[in-house]
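For what it's worth, this note's numbering labels the leading residue of the first sequence as 36, then goes sequentially. Just so it is clear, CB atoms sit at the ideal spot from N, CA and C, and this is done for glycine as well. Structure first, then comments.
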Amino acid sequence: MSQTTTPSRYTITSALPYTNGPIHIGHLAGVYVPADIYVRYLRLKGHDVAFVCGSDEHGVAISMKAKKEGVTPKEIIDKYHNIIKKSFADFGISFDNYSRTSAEVHHETASDFFKKLYEKGDFIEEETEQLYDEEAQQFLADRFVVGTCPKCGHEEAYGDQCENCGSSLNATDLINPKSTITGGVPILKKTKHWFLPLDRYEDFLRKWILEGHKADWKPNVYGQCKSWIDEGLKPRAVTRDLDWGIPVPVEGGEGKVLYVWFDAPIGYISSTKEWAEREGKDWKPYWMNQDTKLVHFIGKDNIVFHCIIFPSMLKAHGDFILPENVPANEFLNLEGNKLSTSKNWAVWLHEYLEEFPDMQDVLRYALTANAPETKDNDFTWKDFQARNNNELVAIFGNFVNRVAVLTHKYYDGIVPSPYTFEAVDKETLEALKGYPEILSNSLDRYRFREGSQELMNLARLGNKYLADAEPWKLIKTDEERVKTIMYVALQIATGLAVLSEPFLPFTSEKLKGILNVKSSGVETDWNNLGAQETLLPAGHQINPSELLFRKIEDAEIQQQLDKLEATKKTNASATNSTDSMEKEVTPQKDTITFDDFSKLDMRVGTIIEAEKMPKADKLLVLKVDTGLDTRTIVSGIAESFNPEDIVGKKVTVLVNLAPRKLRGVESEGMILMTENKDGKIVFLNPDEDGVGNGEVIS
RNA sequence: GGUUACAUAGCUCAGUUGGUUAGAGCACCUGACUCAUAAUCAGGGGGUCAUAGGUUCGAGUCCUUUUGUAGCCA
Numbered sequence: 036m037s038q039t040t041t042p043s044r045y046t047i048t049s050a051l052p053y054t055n056g057p058i059h060i061g062h063l064a065g066v067y068v069p070a071d072i073y074v075r076y077l078r079l080k081g082h083d084v085a086f087v088c089g090s091d092e093h094g095v096a097i098s099m100k101a102k103k104e105g106v107t108p109k110e111i112i113d114k115y116h117n118i119i120k121k122s123f124a125d126f127g128i129s130f131d132n133y134s135r136t137s138a139e140v141h142h143e144t145a146s147d148f149f150k151k152l153y154e155k156g157d158f159i160e161e162e163t164e165q166l167y168d169e170e171a172q173q174f175l176a177d178r179f180v181v182g183t184c185p186k187c188g189h190e191e192a193y194g195d196q197c198e199n200c201g202s203s204l205n206a207t208d209l210i211n212p213k214s215t216i217t218g219g220v221p222i223l224k225k226t227k228h229w230f231l232p233l234d235r236y237e238d239f240l241r242k243w244i245l246e247g248h249k250a251d252w253k254p255n256v257y258g259q260c261k262s263w264i265d266e267g268l269k270p271r272a273v274t275r276d277l278d279w280g281i282p283v284p285v286e287g288g289e290g291k292v293l294y295v296w297f298d299a300p301i302g303y304i305s306s307t308k309e310w311a312e313r314e315g316k317d318w319k320p321y322w323m324n325q326d327t328k329l330v331h332f333i334g335k336d337n338i339v340f341h342c343i344i345f346p347s348m349l350k351a352h353g354d355f356i357l358p359e360n361v362p363a364n365e366f367l368n369l370e371g372n373k374l375s376t377s378k379n380w381a382v383w384l385h386e387y388l389e390e391f392p393d394m395q396d397v398l399r400y401a402l403t404a405n406a407p408e409t410k411d412n413d414f415t416w417k418d419f420q421a422r423n424n425n426e427l428v429a430i431f432g433n434f435v436n437r438v439a440v441l442t443h444k445y446y447d448g449i450v451p452s453p454y455t456f457e458a459v460d461k462e463t464l465e466a467l468k469g470y471p472e473i474l475s476n477s478l479d480r481y482r483f484r485e486g487s488q489e490l491m492n493l494a495r496l497g498n499k500y501l502a503d504a505e506p507w508k509l510i511k512t513d514e515e516r517v518k519t520i521m522y523v524a525l526q527i528a529t530g531l532a533v534l535s536e537p538f539l540p541f542t543s544e545k546l547k548g549i550l551n552v553k554s555s556g557v558e559t560d561w562n563n564l565g566a567q568e569t570l571l572p573a574g575h576q577i578n579p580s581e582l583l584f585r586k587i588e589d590a591e592i593q594q595q596l597d598k599l600e601a602t603k604k605t606n607a608s609a610t611n612s613t614d615s616m617e618k619e620v621t622p623q624k625d626t627i628t629f630d631d632f633s634k635l636d637m638r639v640g641t642i643i644e645a646e647k648m649p650k651a652d653k654l655l656v657l658k659v660d661t662g663l664d665t666r667t668i669v670s671g672i673a674e675s676f677n678p679e680d681i682v683g684k685k686v687t688v689l690v691n692l693a694p695r696k697l698r699g700v701e702s703e704g705m706i707l708m709t710e711n712k713d714g715k716i717v718f719l720n721p722d723e724d725g726v727g728n729g730e731v732i733s
């Protein structure tokens with residue numbers, strides 16, 4: 036079913052980022068950069084495009100993270116939605132609309148979608164028994180249950196998987212299951228759910244994918260679909276017992292929400308609606324007209340949802356078109372290890388943007404030139420540096436600079452009139468004309484890595500032309516010839532300015548500024564570039580040269596490597612100290628100023644007396660010599676220390692804390708404590724010899 | 001465990017339907033040049049195409065084995 040005619044419009048989606056963390060280079064290389072290149076290319080060719088995305092804000096993981104951190108899901112999604120949205124915008128991902136699944140338009144769209152399928156009888160209803168936490172009054176998603184693994188005996192296995200032996204489990208299989216919310220023992224309780232019977236769509240999928248897209252879908256995508264279909268598709272639950280998400284909008288759906296994978300892809304549609312509303316357009320053609328080409332950019336972990344489940348949903352609904360292609364990318368690693376949000380093993384986009392200001396295109400280029408299109412790839416900072424210094428600076432930037440500098444040197448920045456074109460000039464101009472098609476060839480087949488290299492080849496063509504023609508020598512003997520040479524070189528530079536736009540949008544803009552193309556009077560777009568004789572006319576004034584790229588020094592790379600090394604160390608010590616018990620690192624608090632800090636008066640003190648507070652399990656009444664005075668401090672450490680053991684101990688005391696009465700005893704300060712790996716409270720003690728009472732801590 | 005994909009020079013990758021001495025960029029070595037961000041241009045060395053077998057006149061390309069990596073499923 037590959038389309039042979041040119042589509043009237045394009046709907047391009049890129050995977051909705053999950054709002055449990057910021058965007059990192061893996062997301063960029065796999066999804067957003069290729070999607071953005073494709074979209075910019077389509078726009079340059081004058082196509083009607085809707086490029087939509089948004090934050091995916093539902094699901095168990097966010098609900099769980101919220102409970103763990105003691106905040107509401109909304110606080111989490113707002114935080115990450117804002118970070119993500121801003122970093123995309125700053126990075127130049129040119130979404131027509133970036134929405135979020137908590138938006139009203141999405142709730143409505145997803146609800147309606149569900150209702151329509153419900154009314155058509157496209158769901159199966161089934162009652163199953165699930166674990167239920169009576170105290171919290173809610174059903175427990177697999178991740179909310181821990182217990183002993185029935186296979187290996189590991190005591191901290193999750194309801195869906197044992198991280199010790201790696202086997203997947205059902206929550207009901209766990210021995211001694213416990214709710215992670217209350218710690219209580221869950222009971223089995225009946226619950227009703229709605230299932231999408233994928234088996235009904237088997238014939239359709241077989242025909243559509245296995246016959247229709249055998250040739251044009253990537254091997255991995257096609258192969259995975261084939262294995263799913265061949266194994267026999269089963270009904271899949273599209274609702275969950277959860278309090279975070281889109282409420283099931285039909286009778287009996289109280290306390291239940293749509294499965295996040297049911298609502299998320301509908302987010303593409305909602306986002307399109309939001310965009311159309313704002314732009315005063317009709318969203319429907321973008322999703323319902325057969326002459327629209329729909330393409331989903333995703334990572335390989337999402338293949339089944341975008342190729343099997345979502346298309347089945349769309350088919351069931353009946354009004355929608357299906358994706359023409361799903362160019363799923365493989366994964367990117369970082370310095371030899373898997374990227375991990377929870378382990379902080381990543382190059383975070385929002386941090387990159389701060390650490391390498393105005394260098395968006397460098398990261399775009401490095402990620403494109405080394406994109407994980409056919410297999411997992413490794414991002415290394417050394418490669419990043421090499422791509423920048425050897426290619427962007429040395430080949431692309433340098434060519435442009437030498438052309439601009441020579442033009443100013445010889446002609447005060449005015450494009451010279453060519454004299455007679457020799458064979459080499461004609462060949463070079465002819466080669467230049469061929470580039471739009473060369474690049475189209477790559478981009479139409481989603482080969483962005485190849486495309487980026489072809490673009491670089493155009494700059495190479497320019498460098499070679501100059502090296503062969505040697506205008507700097509001829510200027511002394513043959514001025515007419517030099518005019519022709521510089522004219523040709525300027526045409527190539529202009530070609531680069533136009534053709535680099537999808538790959539290097541910021542650079543393209545800058546280069547167009549140098550060449551002053553907007554006032555040249557020549558229409559230079561992708562389509563007529565190949566047909567046009569002149570891209571930058573003789574007599575046209577260009578602006579002074581500006582460097583397009585700067586070199587990246589070894590020290591900058593080392594800094595990034597050190598940062599990763601520090602992460603490794605943090606992770607290693609975290610694993611050691613939490614060997615058996617999962618211990619969450621408390622998130623960093625809001626920043627304070629130095630003035631805030633200096634308000635704290637902390638001193639070295641010595642405990643001179645200690646006794647238990649009557650009728651209190653946790654409290655000790657201490658007399659502490661602070662160097663200033665001897666004062667009474669009540670401390671909640673009785674469970675960890677015997678009073679007699681701590682007399683004479685040197686401790687850190689916050690002395691200017693407002694006094695407070697605890698159990699009738701006034702406490703005049705606070706002793707600083709921390710916790711060791713076993714959860715035991717320990718003193719933060721100034722144990723260096725010769726440190727006396729009353730010394731200020733700063 | 002099942003399944004899908006991947007495995008080609010030191011590194012990153014091309015290699016369409018099997019067809020002459022396996023290609024490119026980077027790195028390395030040599031030479032040329034100086035307009036240019038010590039950039040550029042030319043030339044060179046370097047691979048028994050993961051492994052073992054098979055089909056074929058002929059296989060990096062098709063089939064099977066083993067190993068490794070990754071995704072998905074159980």
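_Where residue 270 falls: helix, strand or coil (DSSP)_ = strand
*Taking only the alpha-carbon atoms, compute the straight-line gap between residue 727 and residue 706 and give it to the nearest angstrom.*
16 Å
*Below 7 Å CB to CB, which residues in the same chain sit around residue 424 once its five sequence neighbours on both sides are set aside?*
586 and 587
*residue 478 lies in the alpha helix (DSSP H); which residues open and close that run?*
458 to 479
*Option nearest residue 596 by Cα separation, candidates 643, 468 and 418*: 418
*Have a look at residue 120 and residue 483 and give me their C-alpha separation to the nearest angstrom.*
24 Å
_Boundaries of the beta strand (DSSP E) in which residue 367 is found, first to last residue_ = 367 to 369
*Which residues share a DSSP beta bridge with residue 637?*
689 and 732
*Cα separation between residue 469 and residue 239?*
41 Å
*Is the Cβ-Cβ distance between residue 150 and residue 232 less than 8 Å?*
no
*If you follow the beta strand (DSSP E) that residue 229 is part of, which residue opens it and which one closes it?*
222 to 232
_Between the CA atoms of residue 361 and residue 331 - distance to the nearest angstrom_ = 5 Å
*Other residues of its chain near residue 293: CB distance less than 7 Å, five sequence neighbours each side excluded*: 145, 149, 273, 274, 280, 281 and 283
*Closest Cα partner of residue 671 within the set 243, 708 and 683*: 708
*Pair within 8 Å by beta-carbon distance, residue 180 and residue 215*: yes
*Helix or strand or just coil, what does DSSP make of residue 379?*
coil
*Three-state secondary structure (DSSP) at residue 531?*
helix
*asked:* Within 10 Å of its beta-carbon, does residue 455 have 16 or more other beta-carbons around it, so buried, or fewer, so exposed?
replied: exposed
*My guess is that residue 69 and residue 481 are in contact by the Cβ rule of under 8 Å, so how many angstroms apart are they, rounded?*
7 Å
*Output the boundary residues of the beta strand (DSSP E) element that contains residue 331.*
327 to 332
*Quick one: using the 10 Å Cβ neighbour count with 16 as the cut-off for buried, is residue 324 buried or exposed?*
exposed
*CB-CB length for residue 436 against residue 582, believed under 8 Å*: 6 Å
*Given residue 432, which residues of its chain have a CB within under 7 Å of its CB, disregarding the five upstream and five downstream residues?*
582, 583 and 584
*Bridge partners of residue 97, per DSSP?*
Answer is none; residue 97 lacks a bridge partner.
*Under the assumption that residue 67 contacts residue 111 (Cβ atoms under 8 Å), give the Cβ distance between them as a whole number of angstroms.*
Contact doesn't hold; Cβ gap of about 21 Å is too wide.
*Express the C-alpha separation of residue 90 and residue 554 in angstroms, rounding to a whole number.*
40 Å
_Starting from residue 657, trace the beta strand (DSSP E) in both directions and tell me its first and last residue._
655 to 660
*Terminal residues of the continuous alpha helix (DSSP H) containing residue 487?*
483 to 504
*Which residue from 63, 55 and 316 puts its Cα closest to that of residue 404?*
63
_Relative to the C-alpha of residue 700, which candidate in 668, 686, 730 and 684 has its C-alpha closest?_
668
*Determine the closest residue to residue 467 out of 444, 488 and 493, with distance taken between C-alpha atoms.*
493
*Buried or exposed: residue 131, going by 16 or more other Cβ atoms within 10 Å of its Cβ?*
buried
*Separation of residue 691 from residue 104, as counted between CA atoms*: 30 Å
*Starting from the C-beta of residue 397, find all residues in its chain whose C-beta is less than 6 Å away, skip the five residues before and the five after it, and write them out in chain order.*
423
*Specify, as a first and last residue, the run of the alpha helix (DSSP H) that residue 430 falls within.*
That residue, residue 430, is in no alpha helix (DSSP H); it is neither H nor E in DSSP.
_Spatial distance of residue 267 from residue 315 (CA atoms)_ = 44 Å
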